[in-house]
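Following: one structure in structure tokens, then a few remarks.
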Amino acid sequence: MKTQTHHPQTFRSVPTHSKPLDSARLEKLLEQQLDLYKTKLLSSGLEYQLAVQNIPLGAHSTFQSFEPYPISIASAKGAWMTDVDGRKMLDLSMGFGSMLVGHLNPEVVSEVRASLDVGTLYTAPSPISRDAAERLCRRFGIEQIRFTNSGTESTMYAVRTARAYTGKEGVVKVEGGYHGSGDALMVSTKPSLEKAGPADSPNSVIGNASVPGESYVVPFNNIQALENVFSKHAKTIACFIVEPVLENIGIVLPDEGYLEAVRSLCDQYKIVLIFDEVKTGLTAGPQGAAQRLGVIPDLICMAKSIGGGIPLAAFGGKAEFMQPVTDGRMPHLGTFNGHIMAMAAVRAVDKVCTPAALEKAESLNIQALTRIREIIDEFELPAHTVGFGVKGCVTWSDKPVRNYRDYKATDFQIAELSFLWSLNHGIMTPPGLDEQWLISLAHDQGEVDFMVNDFKELAKTLRG
Numbered sequence: 001m002k003t004q005t006h007h008p009q010t011f012r013s014v015p016t017h018s019k020p021l022d023s024a025r026l027e028k029l030l031e032q033q034l035d036l037y038k039t040k041l042l043s044s045g046l047e048y049q050l051a052v053q054n055i056p057l058g059a060h061s062t063f064q065s066f067e068p069y070p071i072s073i074a075s076a077k078g079a080w081m082t083d084v085d086g087r088k089m090l091d092l093s094m095g096f097g098s099m100l101v102g103h104l105n106p107e108v109v110s111e112v113r114a115s116l117d118v119g120t121l122y123t124a125p126s127p128i129s130r131d132a133a134e135r136l137c138r139r140f141g142i143e144q145i146r147f148t149n150s151g152t153e154s155t156m157y158a159v160r161t162a163r164a165y166t167g168k169e170g171v172v173k174v175e176g177g178y179h180g181s182g183d184a185l186m187v188s189t190k191p192s193l194e195k196a197g198p199a200d201s202p203n204s205v206i207g208n209a210s211v212p213g214e215s216y217v218v219p220f221n222n223i224q225a226l227e228n229v230f231s232k233h234a235k236t237i238a239c240f241i242v243e244p245v246l247e248n249i250g251i252v253l254p255d256e257g258y259l260e261a262v263r264s265l266c267d268q269y270k271i272v273l274i275f276d277e278v279k280t281g282l283t284a285g286p287q288g289a290a291q292r293l294g295v296i297p298d299l300i301c302m303a304k305s306i307g308g309g310i311p312l313a314a315f316g317g318k319a320e321f322m323q324p325v326t327d328g329r330m331p332h333l334g335t336f337n338g339h340i341m342a343m344a345a346v347r348a349v350d351k352v353c354t355p356a357a358l359e360k361a362e363s364l365n366i367q368a369l370t371r372i373r374e375i376i377d378e379f380e381l382p383a384h385t386v387g388f389g390v391k392g393c394v395t396w397s398d399k400p401v402r403n404y405r406d407y408k409a410t411d412f413q414i415a416e417l418s419f420l421w422s423l424n425h426g427i428m429t430p431p432g433l434d435e436q437w438l439i440s441l442a443h444d445q446g447e448v449d450f451m452v453n454d455f456k457e458l459a460k461t462l463r464g
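For the sequence shown, position 20 (counting from the first letter as 1) is numbered 20 according to UniProt numbering, and the numbering increases by one without interruption.
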């Protein structure tokens, strides 16, 4: 069977050989790290006990809560955080991309402070919001844009816009893909394999308490499966929504030619193509993933990296496909849309995220990926490195991951150990076993050395 080549603008390095790790030893190491966590994070434990009295799970997003309890943060600046136990931690999560320019970036702070001299919320059009829209349209190569306040709002309204444009209801998405928590997209985000059906023709597994409407699910990197769904149901399908690079299950890269084939099929069957760039956006490069990968969708969803840490998101695209917003077929509403502080943050991020600045951050990321790959080879670990733009991850499998079923075959025992190890050794990673690190504009050589050296210590411990 021929090995699929990933898109040339992405990074993946799979080892030529590896040796399995002992599961019993891993379990013992996991117990040790869990005990160490509870010993080191006494103040976080106390904060959690207080928080759960008023906050379900002790956190304002279910994803932020994990066993035995999450780390509570007291402050952050640049690439570093300080937790309530006084530990300084290297932030490799960076708000899943929201902190691309670093915590308390001086330009963001300056612009936001200046905005407080003129207002916070107008709930009316303003030259400030018009300027922000012009900047993002110019940068991402789109014609029209509307601001929202979260990635969920953006994907929800993009789907509604596609439905209004086509007069159809059906939504097609990728198995394992996450597009926020709107009902239409809470389908097969991370389904159990018992419910998921055949690998080449997955079921739509509906999330708890969701009412998605007509939905179809396809495996990533399988153009034939997508065409099968389109050919059977095109008369009722409004859109296909997809992350151009999946970033909910590690980093899953598109095969070379896959996105181009997706674009062609959507044109052929007159189905709206939506790129969810909530997690890629500027982390993919100065103009986002669509421009970098050379495939242009009809609508695009953005958030996180465009806002400098201020709640901000947007959806937009070609004027033709935004017409339902203009003519009233799809009213888009929101009191806080175009919030003055968020518009100030757009201005700051647009100034700071120059091609040179992002190129430097990406070069540091490639260095980290390459050095960690060398450690994987040295210790013959069943793992490989994957990257896109300023993001990277270690995937605990010695085989490429091209879709959700491949992801489910990775070693979650090692992933959990690696997660706890990082938290115990001064590195904040996202609270999941399938997320990626981010090298922000605030990271430098010292931070890369810190993370690489820590991974080497983990590798030594894994091999004993």
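Ideal Cβ placement from N, Cα and C applies to all residues, glycine included.
Here the structure is a predicted model, which is why all the values come from computation and not from measurement.
Between the beta-carbon of residue i and the beta-carbon of residue j, is there less than 8 Å?
| i | j | result |
| --- | --- | --- |
| T152 | A314 | no |
| S150 | I340 | no |
| W437 | G392 | yes |
| T395 | G250 | yes |
| V172 | F240 | yes |
| M330 | L90 | no |
| G316 | I306 | no |
| A238 | V278 | no |
| E447 | A79 | yes |
| H443 | A361 | yes |
| R146 | H332 | yes |
| residue 540 | V252 | It is not possible to answer for residue 540, since the shown part of the chain is limited to 1 through 464. |
| L26 | I414 | yes |
| E260 | V218 | no |
| T236 | G170 | yes |
| Y269 | A234 | yes |
| K28 | D85 | no |
| I376 | A345 | no |
I need the straight-line Cα distance from residue i to residue j, nearest angstrom please.
| i | j | result |
| --- | --- | --- |
| H137 | P297 | It is Cys, not His, that sits at residue 137 in the sequence shown. Each residue's Cα considered, the two are about 14 Å apart. |
| S126 | G334 | 15 Å |
| H425 | M322 | 48 Å |
| P198 | N222 | 13 Å |
| G182 | D83 | 32 Å |
| S192 | T155 | 24 Å |
| F388 | V262 | 20 Å |
| R113 | V349 | 14 Å |
| A289 | P68 | 36 Å |
| G308 | N337 | 16 Å |
The beta strand (DSSP E) that contains residue i, what's its start and end?
| i | result |
| --- | --- |
| A303 | 299-303 |
| D276 | 272-277 |
| A51 | Run containing A51: none in the beta strand (DSSP E); it sits in the alpha helix (DSSP H), 42-51. |
| I128 | Segment 127-140 is the alpha helix (DSSP H) holding I128; no beta strand (DSSP E) there. |
| A238 | 237-242 |
| Q144 | 144-148 |
| A196 | That residue, A196, is in no beta strand (DSSP E); its alpha helix (DSSP H) goes 193-196. |
By the DSSP assignment, the alpha helix (DSSP H) with residue i in it spans what residues?
| i | result |
| --- | --- |
| Y157 | 151-166 |
| Y258 | 258-269 |
| Y407 | 404-408 |
| H233 | 223-233 |
| I206 | No alpha helix (DSSP H) holds I206; DSSP gives it neither H nor E. |
| A361 | 355-378 |
| G446 | 445-463 |
| F321 | 319-327 |
| I340 | 340-352 |
| V108 | 106-115 |
| A290 | 288-293 |
Evaluate residue i with the Cβ neighbour count: other Cβ atoms within 10 Å of its Cβ, from every protein chain shown; 16 or more gives buried, anything less gives exposed.
| i | result |
| --- | --- |
| I55 | exposed |
| E74 | The sequence as given places Ala at residue 74; Glu does not occur at that position. By the 10 Å Cβ count, A74 comes out exposed. |
| A409 | exposed |
| Q64 | exposed |
| H179 | buried |
| M1 | With a pLDDT of only 37 at M1, under the threshold of 50, the placement of this residue in the model should not be trusted, and no figure is reported. |
| N403 | buried |
| S231 | exposed |
| N365 | buried |
| K88 | exposed |
| P70 | buried |
| E457 | exposed |
Could you name the residues that DSSP lists as bridge partners for residue i?
| i | result |
| --- | --- |
| residue 466 | This structure gives no information on residue 466, because the portion of the chain shown stretches from 1 to 464. |
| residue 467 | The displayed coordinates of the chain run from 1 to 464. Any statement about residue 467 would go beyond what the structure contains. |
| G387 | F11, G392 |
| D255 | H6 |
| V171 | S215, C239 |
| L381 | None, per the DSSP bridge assignment. |
| S73 | It should be pointed out that residue 73 corresponds to Ile in this sequence rather than to Ser. Paired residue(s): D83. |
| H103 | G78 |
| L246 | V252 |
| V401 | Per DSSP, none; premise fails for V401. |
Report yes if the C-beta of residue i is less than 7 Å from at least one heavy atom of the ligand ZN; otherwise report no.
| i | result |
| --- | --- |
| K391 | Questions concerning the ligand ZN fall outside what the structure shown contains, since it holds no ligand whatsoever. |
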